[in-house]
Amino acid sequence: MKTTLSPHQPLASLARRRTIVMIAVAGYLLVLFALLLFMTTRVSHDVIVTLVAIGVLISLVGALPLWRPSRLGLPEGRDATMDERQWQRLSQAHVSAYRLVGGALVLSGAYFVLGFPLPTSHLLPSSHVVGNLVFSALMLIIPILPTAILAWNEPEPD
Amino acid sequence: MIAKTIGRPSPPPLHNRLPVLRAERGLSRQDLATAISVNYQTIGYLERGEYHPSLDLALRLAEYFNLPIEAIFSRTPFSPLSEKVYGGPA
Chain A
1 MKTTLSPHQP
11 LASLARRRTI
21 VMIAVAGYLL
31 VLFALLLFMT
41 TRVSHDVIVT
51 LVAIGVLISL
61 VGALPLWRPS
71 RLGLPEGRDA
81 TMDERQWQRL
91 SQAHVSAYRL
101 VGGALVLSGA
111 YFVLGFPLPT
121 SHLLPSSHVV
131 GNLVFSALML
141 IIPILPTAIL
151 AWNEPEPD
Chain B
1 MIAKTIGRPS
11 PPPLHNRLPV
21 LRAERGLSRQ
31 DLATAISVNY
41 QTIGYLERGE
51 YHPSLDLALR
61 LAEYFNLPIE
71 AIFSRTPFSP
81 LSEKVYGGPA
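Top line first, the protein sequences correspond to chains A and B.
143 is the number that our numbering gives to position 143 of the first sequence; each next residue is one higher, with no gaps.
12 is the number that our numbering gives to position 12 of the second sequence; each next residue is one higher, with no gaps.
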C-alpha cells in the first residue's frame, strides 16, 4: 500500500488544538444553558434567542478550524493524503464519536420516553421547539466530533 | 497498532533503531517519511515507540535501509552500537 502523500500542514500544538475544542464545547454548552433557562425559568424569549445565537456563533466561528482539520495538521479522511497511522487514529476517533453520540441519543431517548408522562416535572421540554433546538445544537457538534476527539487526543508534535 | 489505547492493555514495547539508522544516513524525518510514503509525524511516533508499524510499513523500512526487519525492530532493547563494535565499554 504505497501511496504518494501530498504536502501537509504541521500539526498544531496540543494547547491550541485543545483551546479550539473547548471553544466549540463552550458554545454548545451555552446553547444548552439557554435551553435550560427556557425550560425552567420565565426569561424572555429575546434573551433565550440571543443566548442561543451567541452559542451557535461561538460553536461555528470558534471551532471553524475543526471543519477543516488539515489546517490543524490533522487528517481529513481523504485516502491519498493519509498513511496507516493516521487512518487508525481517525478510525479510533470515529468509534469514540459514535459511542458518545449513541450514548447521548440513548439518554435523550430515555428522557423523552420516561419524562413526557410526568406532568409535574419542570425539566421537561414545553414545546417541540425546544426539542428541535436540542437536536439542532447536536447537529452542530456531531459533524466535528471525530475531529474534536482527534484534536484533543493527538499527542504534542516534536 | 497504536501503542497508547484507552481501556485496553498496552501491547509489549517494540524497540527500534530508526533514529540511529536515520542519523547514520543523515536523513531528516521528512526525508525518511517521503522515501517510505508516510506522514513525517508518523516517523516521530515510530521512533518513540508510540506507534507499532504494520508488516507492510516494517517491510518498506527494511527495504529502504536494506536491512532485515529484526535489525530495525525488536521486542527486547537493542544493545548500544559501541558495545557491538568494540565489545562493550572500556
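The C-beta atom is built at its ideal place from N, Cα and C for all residues, glycine as well.
Judged by DSSP in its simplified three-state form, Ser44/A adopts coil rather than helix or strand. Beta bridge pairing from DSSP links Phe33/A with no other residue. Between Gln41/B and Pro146/A, the C-beta spacing is not below 8 Å.
In the DSSP assignment, Asn39/B falls outside any alpha helix (DSSP H) and carries neither an H nor an E. By the criterion of a C-beta distance shorter than 8 Å, Ser91/A is surrounded by no residue of its chain, once the five residues flanking it on both sides are discounted. Against chain B, the CB of Pro155/A has a partner CB under 8 Å away; the residue lies at that interface. Boundaries cannot be given for Ala80/A, as no alpha helix (DSSP H) includes it and DSSP labels it neither H nor E.
When secondary structure is reduced to three states using DSSP, Ser91/A falls in the helix class. Counting only the Cα atoms, Ala12/A lies some 11 Å from Thr19/A.
The same chain holds no residue with a CB closer than 8 Å to that of Pro80/B once the five nearest residues on each side in sequence are set aside. Within a 10 Å sphere around the beta-carbon of Leu18/B sit 16 or more other beta-carbons, which makes this residue buried.
A Cβ of chain A is located within less than 8 Å of the beta carbon of Asn39/B. With its beta carbon less than 8 Å from one in chain A, Ser54/B belongs to the interface. Annotation: Cβ neighbours of Leu11/A in chain B (cutoff 8 Å, chain order): Gln41. Residue Leu61/B holds the alpha-carbon nearest to the alpha-carbon of Arg22/B among Thr76/B, Val85/B, Leu61/B. For the C-beta of Glu50/B, the chain A residues within less than 9 Å are, from N- to C-terminus, Pro155. Under the 10 Å beta carbon count, Val56/A is surrounded by 16 or more other beta carbons and is classified as buried. At a cut-off of 8 Å between beta-carbon atoms, Leu32/B makes no contact with chain A. In the DSSP assignment, Phe65/B falls within the alpha helix (DSSP H) that extends over 55 to 65. Relative to the Cα of Phe73/B, the nearest Cα in the group Tyr51/B, Ser10/B, Leu32/B belongs to Tyr51/B. Three or more pairs of CB atoms, one per stretch, sit closer than 8 Å, so the stretch 25 to 32 of chain A contacts the stretch 53 to 70 of chain A.
In the assembly as shown, Gln86/A is a buried residue. Its beta-carbon has 16 or more other beta-carbons within 10 Å. Ala15/A sits exposed, since fewer than 16 C-beta atoms from the chains shown fall within 10 Å of its C-beta.
Interface annotation for the stretch 81 to 92 of chain A against chain B: Thr81, Met82, Asp83, Glu84, Arg85, Gln86, Gln88, Arg89, Gln92, criterion Cβ-Cβ distance under 9 Å. The Cβ atoms of Ala63/A and Ile23/A lie closer than 8 Å to each other. Look at Leu18/B: its C-beta is not under 8 Å from any C-beta on chain A.
Judged by DSSP in its simplified three-state form, Phe38/A adopts helix.
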